[in-house]
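Under my numbering, read the sequence shown as residues 18 to 448, first letter to last. In this text, a Cβ means the ideal position worked out from N, Cα and C, and glycines have one as well. Have a look at the structure below before the remarks.
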Amino acid sequence: MRIGSARMLKGKIDLPGDKSISHRAAMFAAMASGQSSIENYAASEDCASTLKCLDSLGVDIKQSGSTLVIEGAGEAGFKLPSSDLDCGNSGTTMRLMAGVLAGAGVECVLTGDASLSKRPMRRVVDPLTQMGAEFETVDGHSPLTIKGGRRLTGIEYTLPVSSAQVKSCVMLAGLNASGTTVVIEPTPTRDHTERMLEQFGVSVGIEIDGTARRIAVSGGSRLKGTSLRVPGDISAAAFFLVAAAIIKDSQLFLPFVGLNPSRSAVLDILQQAGANMSIKVHDTGKGEPVGDIEIMGSGTDGLAKDRIVIEGDIVANVIDEVPILAIFGTQLEGGLEVRNASELRVKETDRIDAVVRNLRKMGAEIEEREDGFIVSRSFLKGAEVESFGDHRIAMAFAVAGLVATGDTVVNGAECAAVSFPDFFDQLAAVR
Ligand code: S3P
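Here it is in structure tokens:
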């Protein structure tokens, strides 16, 4: 994909449904008794992988545009799949489905693409094994064989890595375990599972102690089908918010964006850096908070002079936004520093390495650290960069191309479809 520099961005962005929330909505509806309807289900390849897995497990899913009607497997349970469950590029599909299936009594194999096969799965296999599940892996990686017919027992588990996928996996397995399952997270991660289980009629006990949270679910809790609408994906919004903030005279409107506080630190960071943004919060009652965002381009001279530092507890909140925040950092007088983010090394690609390599090709000054980087204000020049097969790297560098001189070529940019299939069309429409 070739990207030229942009004078300004103007218009409205229709975001895909939130990826994290969509996966959970489909899985919970599949586990529930009765019918669920899900509006604004993400049109992303990752979320299609979840639907394919559920379909192979005999779940009846009717899709019309972005609306799904799912008949839950409920008490009858899942059918034995006739082939492997292909999770594609989606870590959330594999890790959450491992929890859903660990005590579900169906023997099956979870597979994925080359990138997913390299990602660590011990982080879910270990706690599930402690609960009584049995797995075969390839040295801690997928394919992941889940043995059928194992009975699970609730455990108390402190997350060794800050991961909502691991937390959710253990909680979901806990629904099929005897007794209570408790997950302790030392630092908060996205809480979509906790919120959505409540929407499906399951009570979740949450105790907060400083930054730590103790989350409890009771074995045997039954999910009941429900209706919900998935908010727009704030992680997808971030590419356009940064682009508009750094290109003077831009004006973008992004309606119906998910504003869950465990995901929205990117907005605080943009505001702290002087981005001119207004947010109108909708009244959605319980469930996920949502609002409309309008952003006006400040241009690089209108932004803050101080260095932005992202570290500690806030890292999990913005973990998916770090690649685009690195591009933002190239336009800030004080630059931007990321620490405590070594999780980025085990995402769809090593995102620290990918950001550093690509930004250096574009002439940026960036220092690589094991757990992050420091990027200085840089004059970007068009270059040929790589997506490394990672959707967020592809989209971040498309935005870099908008503020670079000359043309930027992002090789392998089609992988943007993993989370945002019409990203490039929408970008073309507002420039
Ligand atoms: C996700 C959690 C995060 C995030 C991923 C989606 C989720 O991963 O990076 O894109 O839906 O729970 P980790 O749990 O590995 O941090």
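Taking C-beta to C-beta, are Ile-369 and Arg-377 nearer than 8 Å?
no
So, under 8 Å CB-CB, Met-138 and Ala-190 are touching, yes? Tell me the CB distance rounded to an integer number of Å.
That belief does not hold up - the Cβ atoms of Met-138 and Ala-190 are roughly 14 Å apart, past 8 Å.
Three-way DSSP call (helix, strand, coil) for Ala-261 in this model:
helix
Cβ-based neighbour list, Ser-54, same chain, cut-off 6 Å, excluding 5 preceding and 5 following
Val-86 and Ser-244
Classify Asn-428: buried if its beta carbon has 16 or more other beta carbons within 10 angstroms, exposed otherwise.
exposed
When you compare the CB positions of Pro-203 and Leu-176, do they come within less than 8 Å of one another, or not?
yes
Considering only their Cβ atoms, is the gap separating Asp-330 from Thr-210 smaller than 8 Å?
no
Using the beta-carbon count (16 or more within 10 Å), is Asp-63 buried or exposed?
buried
Excluding five sequence neighbours on each side, which residues of the same chain lie with their C-beta closer than 7 Å to the C-beta of Gly-399?
Gly-418, Ala-421, Thr-422, Gly-423, Asp-424 and Thr-425
Report all residues for which the CB-ligand distance to some heavy atom of the ligand S3P is below 7 Å; order them along the chain.
Lys-36, Ser-37, His-40, Gly-108, Thr-109, Ser-179, Ser-180, Ala-181, Gln-182, Val-183, Ser-185, Thr-206, Arg-207, His-209, Ala-333, Ile-336, Asp-337, Glu-360 and Lys-364
Let me make sure I understand the geometry here. Which of Glu-311, Gln-80 and Leu-102 has the alpha-carbon closest to that of Val-126?
Leu-102
Is the beta carbon of Leu-349 sitting closer than 8 Å to the one on Ala-321?
yes
Give every residue of the same chain whose Cβ lies closer than 7 Å to the Cβ of Gly-196, excluding the five residues on either side of it in the sequence, and list them in chain order.
Thr-170, Gly-171 and Gly-236
Own chain residues within Cβ distance below 8 Å of Met-44, not counting five before or after
Thr-67, Leu-71, Leu-113, Met-114, Val-117 and Leu-189
Roughly how far, in whole angstroms, is the beta-carbon of Gly-319 from the beta-carbon of Gly-302, given that I think they are within contact range, below 8 Å?
So it is not a contact: roughly 37 Å between Cβ atoms.
Express the C-alpha separation of Gly-275 and Asp-250 in angstroms, rounding to a whole number.
6 Å
Per-residue burial, Pro-248 [other beta carbons within 10 Å of its own, 16 or more giving buried]
buried
Candidates Asp-388, Ile-38 and Ala-333: which alpha carbon is nearest Asp-367's?
Asp-388
Per DSSP, what are the beta-bridge partners of Asn-428 in this structure?
Glu-403
Please work out which residues of its chain come closer than 6 Å, Cβ to Cβ, to Ala-254, disregarding the five sequence neighbours upstream and downstream, and give them in chain order.
Leu-32, Leu-271 and Val-274
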